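Input: a single structure, listed below in structure tokens.
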Amino acid sequence: MSVHQKKEANLDKQRGLFYVIGFIFGLTLLLTAFEWRTFTEIVQREIKKQTVVAEVEEIAPVMLSTPPPPQQAPPPPPPPPSVPEVLQLVDDDVEIEETELDFSADDNSDNRSDGVIGGVEGGTGPVLDEVVDFMVVEDLPVFPGCEGVKGNDNLLECFDRQLGNFLAKNVSYPSRAREMGKEGVVHVKFTIGKDGVVRDVQLALPDRKIGYGLEEESISVVKKLPKMQPAKQRNVPTSVSYIVPIQFKLQ
């Protein structure tokens, strides 16, 4: 047998093997093609899905608001009105000590009466005495014990102190008021004449009487005030009006 015939015989024997190998190779290509298509579709779907999500995603808007104008702090409450310090008078059975009173300008300015100019220009009647408010007179009256004190501020301080001491020593708590337990403040108005003598003693608030002898006792002791050096206006002796509050308090 020739060599050519042997090769053909061998090819016939291996034809089945080649057929199987070719079938396997073709099947492999087919499966690879399907898998590649499926992988491509999956990737495309994922990309599309992510793209859609990215398109739908919204950014929360940033709200810009202008701050409200600063509120002005409320004005501080006005200070409580000052209450004049008054002389406290106690029961007769209690020993009374000398007290220093502070009748300041603010405490007494509202209580003192305005000056009254008497007489009519060209008239034939007597010329009445002009009474000036205590706090507007140029030179204050000088209470005994304040001689030599200079300046109205110092004179006022000394006047208040000496007046308070005098009242504390001389006022007696009325027995009727003490028995009935009556307390209160009596405002007494008086004039220091151009001769330095106290006159025109009266109640400054007659419609606010307490009764039981408190008003009578207050007027009585004010009438006992000593003679003073008169006030002066333009270096001329002048009458001035004054109001003193006296408090009666049981202890």
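Heads up: the sequence shown is residues 736 to 986, going by this note's numbering.
Yeah, the Cβ is synthetic: ideal placement off N, Cα and C, and Gly gets one too.
Predicted, not measured: the structure shown is a model, and the values here were computed from it.
- When C-beta atoms of the segment 972 to 985 are compared with those of the segment 897 to 916, three or more pairs fall below 8 Å, so the two segments count as touching.
- In the structure shown, F983 falls within a strand segment according to DSSP collapsed to helix, strand and coil.
- Boundaries of the beta strand (DSSP E) around R934: 933 to 938.
- As DSSP reads the structure, F869 sits in no beta bridge.
- Taking the CA atoms as reference points, K944 sits about 19 Å from K958.
- Between the segment 869 to 877 and the segment 946 to 961 there are fewer than three C-beta pairs closer than 8 Å, too few to call the two in contact.
- Non-local beta-carbon contacts of K967 in its own chain, meaning distances under 8 Å to residues more than five positions away in sequence, involve V872, E873, D874, T973 in chain order.
- Segment contact: the segment 896 to 904 against the segment 914 to 926, fewer than three CB-CB distances shorter than 8 Å; contact not assigned.
- Between the alpha carbons of R969 and M915 lies a distance of about 50 Å.
- Taking a C-beta distance under 8 Å as the contact criterion, L902 and V933 do not qualify as a contact pair.
- Between the alpha carbons of F878 and K917 lies a gap of roughly 31 Å.
- For the segment 886 to 928, the full-length beta strand (DSSP E) segments reaching 3 residues or more read 919 to 927 along the chain.
- C-alpha of D935 to C-alpha of E865: approximately 13 Å in a straight line.
- Taken through DSSP and simplified to helix, strand or coil, D874 comes out as strand.
- Non-local C-beta neighbours of V921 in its own chain, meaning closer than 6 Å and more than five positions away in sequence, comprise L949, E950, S953, I981, ordered along the chain.
- Straight across, the Cα-Cα distance linking T767 with G761 is about 10 Å.
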